[in-house]
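First the structure, in the form of C-alpha cells, and then the observations on it.
Numbering (my numbering), first residue to last: 376 to 768.
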C-alpha cells in the first residue's frame, strides 16, 4: 500500500510541475492515466502539501470528458468486443496512392502498428478483436496531409445494454413540434432520430443533436409530419444514440403523439361574481392548437375558502362564492392526456372595496372593470391622501 501511495504522490508532483509551468496561461493538461491513478484513491491518502483543495476536487470529475467524445463524429465504425470478424476503417479520399494510418492517443498521434488483428488493405484499415485500448480516433495521411479521420467505437456487451436508457418527451399541442429531455448523466454525446430510417441506421436518417447542459442533461427539439386533424393511427418511432466512454448505446421507443401531449398552463382571465356563484373565465395557452373549437381543453379549478381555508376542486367554470384564491390547470378534453402544470395561485378580488387592487392582474383574478376604473382609483387615493394632509395640518 505504501508503494502505491508513493506512486500516486509521484504523479501528484508531476501535476504540480505542470501547474507551475502552465498556470500563467491558465491551461492545465493532465493525462487520463494520471487522473485514473489518482481518482482511484481518496484525497485523504494523497500527501499534497502545496496542491490546493480545488485540485483535489478536479480529480473526481467524470473522466468521460478526458478521453470521450462530446459530439458524434462524421465518420465512425462500431465493433463488437473481441470479435474475430473485422471492421473496416475507410480512408475517405478521391485520389489513389499509398497512405499511412495514425492512431490519436491521449497526448500524441502515432503510426498504427500492423499486427495479426490490424491489417492495412490498400488505403483502408481492417481491425478485428477490438478491445478498449484500441478505441478512439484513427486518421489516414499522405505525407503531411491528413485525408480523413474515423472513430472506432465499441458496441456494448449484452449485459452492458442500458435497459434504463430513457428519455421523456412532451408536446405542448398537436402541432408539428415536440421536445425530449435526457435526464441521465454519464453520456458525453447524445442524438435523437425520428422514423425507421434512424431505427434501421440508414444514411438518410436526420439526426438531431444537442449540447450537454450544465447539469449533465440534454434537451432536444424535434418535428414530425403527422396531421393534427386526422385520427392518429401511426406511432412515432424515436431512436436515441448515446456515447459513453467510446462505447455507443442505442434504444428505439415507439409512442403515439397523443400520449405525450401536455398543454402549457392556461390563462386565468377574470372572476365575475354572479348570483349563482363565481364565474371563472379561462383561456387556452397561446401554444395550444387552433382552432380551439376543434382542439378543446377541459379545465379544473382548485379554490380556497376565505372562512376556514379548506380547498375544493371543480370541473365547472362556476364555483362557490366566498373564495379567497384559486388556480387552474387544463388537458385535452377528448384524449386522457396529462394535465398541465397548475397556474400560480391568484387572489380573488370581489366587492367594491377590493376592485381598486386589480391593477396587478398577475396576482389577482378580477371581474371585467369599466373603462377608466383603475384611473379613477388612483384619483380617489390621491384625494383621500390630500384630505388627510389637510386634517393634520
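The beta-carbon is built from N, C-alpha and C at its ideal position, and this holds for glycine as well.
Note that the coordinates shown come from a computational prediction; the quantities given were computed from them, not determined experimentally.
Pull up the DSSP beta-bridge partners for residue 642, would you.
What you label residue 642 is simply residue 267 of the chain shown in a count that begins at 1. Bridge partners of residue 642: 658.
In angstroms with no decimal places, state the Cα-to-Cα distance between residue 572 and residue 631.
Position 197 of the chain shown, counting from 1, holds the residue named residue 572. Position 256 of the chain shown, counting from 1, holds the residue named residue 631. Cα to Cα, the separation comes out at about 18 angstroms.
With the cut-off set at 8 angstroms, would you say residue 636 and residue 646 are in Cβ contact?
Along the chain shown, one-based indexing puts residue 636 at 261. Along the chain shown, one-based indexing puts residue 646 at 271. No, the pair does not count as a contact, with Cβ atoms beyond the cut-off.
Which class does residue 507 belong to by DSSP, given the choice of helix, strand or coil?
Counting from 1 along the chain shown, the entry for residue 507 is found at position 132. Reduced to three states, the DSSP call for residue 507 is helix.
When the Cα atoms are used, what is the spatial distance from residue 662 to residue 597?
Reading the chain shown from its first residue, position 287 is the one you call residue 662. Reading the chain shown from its first residue, position 222 is the one you call residue 597. Using only the alpha carbons, I get a separation of about 16 angstroms.
Boundaries of the alpha helix (DSSP H) in which residue 571 is found, first to last residue
For the purposes of this step, residue 571 is taken as the residue at position 196 of the chain shown. Here the alpha helix (DSSP H) through residue 571 covers 571-574.
Cβ separation of residue 528 and residue 622, assumed to be a contact under 8 angstroms, to the nearest whole Å
As a position in the chain shown, residue 528 is number 153, starting the count at 1. As a position in the chain shown, residue 622 is number 247, starting the count at 1. Rounded, the Cβ-Cβ distance is 7 angstroms, consistent with contact.
Best match in 658, 672, 610 and 695 for proximity to residue 650 [C-alpha to C-alpha]
As a first step, residue 650 must be located in the chain shown, where it is residue number 275. Taking only the C-alpha atoms, the option nearest residue 650 is 695.
The region 674-685 in contact with the region 583-599 per 3-pair CB rule at 8 angstroms
no
Quick check on DSSP: helix, strand or coil for residue 678?
Taking the chain shown and counting its residues from 1, the one referred to as residue 678 is at position 303. Three-state result, residue 678: strand.
Just grab the DSSP bridge partners of residue 512 for me.
Numbered from its first residue, the chain shown carries residue 512 at position 137. 479 and 526, per the DSSP bridge assignment.
How big is the Cα-Cα spacing for residue 480 and residue 446?
By 1-based counting over the chain shown, the position of residue 480 is 105. By 1-based counting over the chain shown, the position of residue 446 is 71. Each residue's Cα considered, the two are about 18 angstroms apart.
Contained beta strand (DSSP E) runs [length at least 3] in the region 545-626, N- to C-terminal order
552-557, 564-569, 582-584, 593-598 and 611-619
Report the rounded CA-to-CA distance for residue 750 versus residue 732, giving the unit in angstroms.
By one-based count along the chain shown, residue 750 stands at place 375. By one-based count along the chain shown, residue 732 stands at place 357. Straight-line Cα distance between these residues: approximately 12 angstroms.
Using DSSP with H/G/I as helix, E/B as strand and the rest coil, what is residue 496?
In the chain shown, the residue the question calls residue 496 occupies position 121. Note: residue 496 maps to strand in three-state DSSP.
Throw me the rounded Cβ distance for the residue 334 and residue 660 pair, which I believe falls under 8 angstroms.
Residue 334 lies beyond the residue range present for the chain, which begins at 376 and ends at 768; the question has no answer from this structure.
Between 618, 608 and 580, which has its C-alpha nearest residue 561's C-alpha?
Numbered from 1 along the chain shown, position 186 holds the residue referred to as residue 561. It is 618 whose Cα lies nearest to the Cα of residue 561.
Give the DSSP-derived three-state secondary structure of residue 686 in the structure shown.
In the chain shown, counting from the first residue as 1, residue 686 sits at position 311. Strand at residue 686.
Residues in the same chain with beta-carbon distance under 6 angstroms from residue 494, minus the five sequence neighbours each way, listed in chain order, please.
For the purposes of this step, residue 494 is identified with residue 119 of the chain shown, where counting begins at 1. Excluding residues within five positions, the ones whose Cβ falls inside 6 angstroms are 501.
When the Cα of residue 516 is compared with those of 557, 545, 467 and 552, which residue comes out closest?
As a working note, residue 516 is residue 141 in the chain shown. Of the candidates 557, 545, 467 and 552, the one whose C-alpha sits nearest the C-alpha of residue 516 is 467.
Among 557, 679 and 747, which has the Cα closest to the Cα of residue 586?
Residue mapping note: residue 586 aligns to position 211 of the chain shown, counting from 1. Residue 586 has its Cα closest to that of 557, out of 557, 679 and 747.
Do you know how far the Cα of residue 522 is from the Cα of residue 484?
Residue 484 sits at position 109 when you count from the first residue of the chain shown. Residue 522 sits at position 147 when you count from the first residue of the chain shown. Roughly 15 angstroms between the two C-alpha positions.
Mind reading off the beta-carbon distance from residue 499 to residue 465? Whole number of angstroms is fine, and I expect it under 8 angstroms.
The residue given as residue 499 occupies position 124 in the chain shown. The residue given as residue 465 occupies position 90 in the chain shown. Going by Cβ atoms, the distance from residue 499 to residue 465 rounds to 5 angstroms, so yes, they are a contact pair.
Among residues of its own chain, excluding the 5 on either side of residue 725, which ones have a beta-carbon nearer than 6 angstroms to its beta-carbon?
Position 350 of the chain shown, counted from the first residue, corresponds to residue 725. Hits under 6 angstroms: 648.
Residue 693: buried (16+ other C-beta within 10 angstroms of its C-beta) or exposed?
Taking the chain shown and counting its residues from 1, one reaches residue 693 at position 318. When all chains shown are included, residue 693 counts as exposed.
What three-state label does DSSP hand residue 632 in the structure shown?
Residue numbering aside, residue 632 sits at position 257 when the chain shown is read from its first letter. Reduced to three states, the DSSP call for residue 632 is helix.
Residue 450 in three-state terms, based on DSSP
To locate residue 450, count along the chain shown from 1; it is residue 75. Reduced to three states, the DSSP call for residue 450 is coil.
Is it buried or exposed for residue 473, if we count other Cβ within 10 angstroms and need 16 for buried?
Residue 473 sits at position 98 when you count from the first residue of the chain shown. Exposed is the call here.
Extent of the continuous beta strand (DSSP E) run through residue 486
Indexing the chain shown from 1 puts residue 486 at position 111. Taken as a continuous stretch (DSSP letters only), the beta strand (DSSP E) holding residue 486 covers 484-486.
Residue 567 and residue 615 closer than 8 angstroms at C-beta:
One-based indexing of the chain shown puts residue 567 at position 192. One-based indexing of the chain shown puts residue 615 at position 240. In this structure, residue 615 lies closer than 8 angstroms to residue 567 by Cβ.
What first and last residue would you give for the beta strand (DSSP E) that runs through residue 705?
In the chain shown, residue 705 corresponds to position 330, counting from 1. First-last of the beta strand (DSSP E) with residue 705: 698-707.
Let me know if residue 542 comes out buried or exposed under the rule of 16 or more other beta-carbons within 10 Å of its beta-carbon.
Mapped onto the chain shown, residue 542 falls at position 167. Residue 542 should be labelled buried.
Hey, residue 639 and residue 547: beta-carbon distance below 8 angstroms or not?
Numbered from its first residue, the chain shown carries residue 639 at position 264. Numbered from its first residue, the chain shown carries residue 547 at position 172. Against a cut-off of 8 angstroms, the Cβ pair of residue 547 and residue 639 comes out as a contact.
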